[in-house]
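Heads up: the structure comes next, in structure tokens.
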Amino acid sequence: MQTTVENLEGMFSKAEADLDVIEKRLKLDLINRTAENGFSHEESSIVMMERLRAIKDKHTVLRSQMTEIAAAQKVSMFSIQDHLNSIIALVQHFQRTTGVE
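Just so you know, we're using the numbering used here here: the sequence shown kicks off at -9 and counts up by one.
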């Protein structure tokens, strides 16, 4: 389970880095296209940057939720393991006291 959580965290980190690269490419592409088409640089780039910012914000929220879920899953697994250990101890106790296996 820990490996899965680490893989997810790695994937989110990579996605965040990819978004930064995309943002830089978009900025450069927008500068080039607006100059070619005669549009105001601010008209098109502002809209695109706002959209990218919204995507990055959503990604941040998702990453935060993933971290919370991973922590809750870890707590649940420890609880389940603790309950199973208690059940095993009880079964072993009954087996010793009754002689039944």
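Heads up, the beta-carbon is just placed ideally off N, CA and C, and yes, glycines get one too. Quick caveat: nothing in here was measured; it's all calculated off a predicted structure.
Distance CB(residue i)-CB(residue j) smaller than 8 angstroms
{"i": "residue 60", "j": "residue 9", "result": "no"}
{"i": "residue 6", "j": "residue 42", "result": "no"}
{"i": "residue 16", "j": "residue 38", "result": "yes"}
{"i": "residue 111", "j": "residue 91", "result": "Lying outside -9 to 91, the shown extent of the chain, residue 111 is not represented and no answer is given."}
Of the residues the options, the one placed nearest residue i, counting alpha carbons only
{"i": "residue 1", "options": "53, 58, 11", "result": "53"}
{"i": "residue 46", "options": "-4, 11, 63", "result": "11"}
{"i": "residue -7", "options": "76, 63, 70", "result": "63"}
{"i": "residue 4", "options": "58, 50, 73", "result": "50"}
{"i": "residue -5", "options": "44, 76, 57, 87", "result": "57"}
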